[in-house]
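In the UniProt record's numbering, the protein residues as written are 1 to 175.
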């Protein structure tokens with residue numbers, strides 16, 4: 001379950017974001033992996049269908065950070081590339097997106113909220129990665145999150161772009 005820090009995504013992307021980013025982590029995707037740690041992609045599944053009933057939630061927690069006028073393209077890409085491979089325990093596309101909403105909102109897997117409770121708030125202040133890691137580990141049963149950091153080409157500072165939280169195949173416990 002990968003979340004991205006919007007300002008860092010905009011800073012690290014060759015194409016600038018069309019709108020100012022929010023200073024928070026939002027969903028990048030729920031990506032299954034096999035027992036060897038490989039990430040299957042583009043599996044056989046029914047084609048993506050518009051998610052009108054879930055869209056109000058998805059726009060908030062899973063926006064297309066690079067182009068806020070076209071969330072649907074981002075969601076379709078995530079379903080086609082990753083969600084289509086999440087056959088167990090995910091039953092279908094609606095279940096895939098609904099699962100992400102639940103993980104982010106009710107299962108305490110919102111990285112922005114986790115960091116805020118540890119008094120780690122966004123801003124210009126540098127943070128040690130170990131402090132961020134420890135704050136997250138407290139919430140995910142002392143498991144190690146996966147981090148993606150990149151150098152901001154404008155400032156030459158290293159920024160935290162993504163945090164990945166790994167769960168077992170039933171999505172019931174962190175691993």
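We put the beta carbon where it would ideally sit given N, CA and C, even for glycine.
DSSP state of residue i mapped onto helix, strand, coil
i: residue 43; result: coil
i: residue 82; result: coil
i: residue 58; result: helix
i: residue 6; result: helix
i: residue 74; result: helix
i: residue 11; result: helix
Host beta strand (DSSP E) of residue i (start-end)
i: residue 173; result: First-last for residue 173: undefined, no H or E at that position.
i: residue 65; result: Element bounds for residue 65: n/a, residue is neither H nor E.
i: residue 160; result: 158 to 164
i: residue 26; result: 25 to 29
Where the alpha helix (DSSP H) containing residue i begins and where it ends
i: residue 149; result: Unbroken run through residue 149 is the beta strand (DSSP E), 146 to 151; no alpha helix (DSSP H).
i: residue 105; result: 93 to 105
i: residue 129; result: 129 to 139
i: residue 115; result: 111 to 117
Residue i burial status per 10 Å Cβ neighbour count (16 or more: buried)
i: residue 100; result: buried
i: residue 10; result: buried
i: residue 109; result: buried
i: residue 175; result: exposed
i: residue 130; result: exposed
i: residue 173; result: exposed
i: residue 119; result: exposed
i: residue 95; result: exposed
i: residue 238; result: Nothing can be reported for residue 238, as the shown portion of the chain is limited to 1 through 175.
CB-CB length for residue i against residue j, believed under 8 Å
i: residue 86; j: residue 30; result: 7 Å
i: residue 147; j: residue 157; result: The pair is not a contact, with the Cβ atoms about 15 Å apart (cut-off 8 Å).
Cβ of residue i within 8 Å of any chain D Cβ
i: residue 80; result: Within the model displayed, chain D is absent; a lone protein chain is all it includes.
>> Contact between the stretch 134 to 151 and the stretch 55 to 63 is defined here as three or more beta-carbon pairs at a separation below 8 Å; is this criterion met?
In response: Look at the beta carbons and you see the stretch 134 to 151 not touching the stretch 55 to 63: under three pairs across the two are nearer than 8 Å.
>> Taking contact to mean 3 or more Cβ pairs, one atom from each stretch, closer than 8 Å, check whether the stretch 112 to 131 and the stretch 34 to 43 are in contact.
In response: The way I'd put it, the stretch 112 to 131 doesn't touch the stretch 34 to 43; fewer than three beta-carbon pairs between them come closer than 8 Å.
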